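Quick note: the sequence shown, position 102, residue 102 per the working numbering, numbers continuous.
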Amino acid sequence: MERINILNVKFDNVTMAEAINKCADFLKTDKVNAIVTPNPEIVMQARKDDIYQKILNNSELVIPDGIGVVIGSKMLRTPLKERVAGYDLICNLLEEQSIDNKNIYILGAKPGVAEEAKKNIEIKYNAKVVGLHDGYFKEDDEESIIEDINNSGANIILVGLGMVRQEKFIDKYKKVLNNIRIAIGCGGSIDVLAGVAQRAPKFYVEHNLEWFYRLVKQPTRIGRMMQLPKFLLVVAIKKNNN
Ligand code: UDP
1 MERINILNVK FDNVTMAEAI NKCADFLKTD KVNAIVTPNP EIVMQARKDD
51 IYQKILNNSE LVIPDGIGVV IGSKMLRTPL KERVAGYDLI CNLLEEQSID
101 NKNIYILGAK PGVAEEAKKN IEIKYNAKVV GLHDGYFKED DEESIIEDIN
151 NSGANIILVG LGMVRQEKFI DKYKKVLNNI RIAIGCGGSI DVLAGVAQRA
201 PKFYVEHNLE WFYRLVKQPT RIGRMMQLPK FLLVVAIKKN NN
């Protein structure tokens, strides 16, 4: 499949429908397929961390989570087809009627949040949450968490530990997650599934202003959000040099 290089992170040029088809194929394999959802902040982080960049690029599916990435791809004249937000991919995968036997493990978010996400998922979707654990654990606990995941019978795991940590966790344990076929680094999606955080209203999403909504809701994100203009600046410089 065609990959589009944006500041050395190589994105799969897929639509949402194609990404869902990929997931269906992943469930038929006999290994863990990692899905990563880089936004401009993650791309900027990967520029400073070679190991992280390699982990992203070695993932089986790399989807453009932020509109900034799509804008960047257009600036570089290698346009990505569309934004494929991680949260939307998870919802569409859970909703997909043609895929049965979706057994989910939720790993991440504050204590109590995964339980709420489980309730909502099981009410709304044709999927079962067969195990969960919060995201505030020590390295010493990891072995027992892996055992719990393997004993749960889950074939899909949502890993929401914040960027870098979640992708490195998946990479570290990919080889020993015996039954998992899809592992998604999903950021704050567990909070949204639980209803403790809200996705931006449709207007903001449709007008590519989701970042603005998040900034107004959580002004403390300003430092992190400054990565977006920095990202666009680096892309503009790269375009000029080409
Ligand atoms: N999180 C966690 N363990 C940690 C740090 C963060 O489980 O040690 C969770 C946090 O509770 C939240 C998610 O990771 O549910 C991602 O948070 P963030 O705001 O960084 O989301 P993103 O911007 O990556 O979507």
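For every residue, glycine included, the Cβ atom is placed at its ideal position computed from N, Cα and C.
Being a predicted model, the structure only gives us computed values, none of them experimental.
Exercise for review: With DSSP as the reference, please indicate the residues paired to L76 in a beta bridge.
Suggested key: In the sequence shown, the residue the question calls residue 76 occupies position 76. BP columns for L76 are empty, so no partner.
Check your understanding: Listed by chain order, which residues have C-beta atoms less than 6 Å from any heavy atom of the ligand UDP?
Key -> G108, A109, K110, G135, Y136, G160, L161, G162, M163, G187, G188, I190 and D191
Point to revise | Under 9 Å between C-beta atoms of I6 and V69 | key: By one-based count along the sequence shown, residue 6 stands at place 6. By one-based count along the sequence shown, residue 69 stands at place 69. In this structure, V69 lies closer than 9 Å to I6 by Cβ.
Exercise for review: Go to A183, then tell me how far its beta strand (DSSP E) extends in each direction, as first and last residue.
Suggested key: By one-based count along the sequence shown, residue 183 stands at place 183. Where A183 is concerned, the enclosing beta strand (DSSP E) stretches over I182 to G185.
**Study point:** Beta-carbon spacing of G187, G86 below 9 Å
**Key:** Position 187 of the sequence shown, counted from the first residue, corresponds to residue 187. Position 86 of the sequence shown, counted from the first residue, corresponds to residue 86. Contact: yes.
**Study point:** Coarse secondary structure for L93, derived from DSSP in three states
**Key:** If you number the sequence shown from 1, residue 93 lands on position 93. Helix, per DSSP.
**Study point:** Span of the alpha helix (DSSP H) around A19
**Key:** Position 19 of the sequence shown holds residue 19. It spans M16 to F26 - the alpha helix (DSSP H) in which A19 sits, taken as one unbroken run.
Point to revise | Residue range of the beta strand (DSSP E) that includes L209 | key: Your numbering for residue 209 matches position 209 in the sequence shown. Here L209 belongs to no beta strand (DSSP E), and DSSP marks it neither H nor E.
Check your understanding: Under 9 Å between the Cβ atoms of I20 and E96?
Key -> Within the sequence shown, the letter at position 20 stands for residue 20. Within the sequence shown, the letter at position 96 stands for residue 96. Yes, they are a contact pair.
Review point. For G131, is the classification buried or exposed, using 16 other Cβ atoms within 10 angstroms of its Cβ as the cut-off for buried?
Key: Looking up residue 131 in the sequence shown gives position 131. Flag for G131 reads buried.
Point to revise | Cβ shell of D148 (< 7 Å), same chain only, five flanking positions each side left out | key: By one-based count along the sequence shown, residue 148 stands at place 148. So the list reads G131 and H133, once near-sequence residues are dropped.
Check your understanding: Do the region 167-183 and the region 145-159 touch if we need at least three Cβ pairs shorter than 8 Å?
Key -> yes
Practice item. Count the other C-beta atoms from every protein chain shown that fall within 10 angstroms of the C-beta of F26, then say buried if there are 16 or more, exposed otherwise. Key: Counting from one through the sequence shown, the residue named residue 26 turns up at place 26. So F26 counts as buried.
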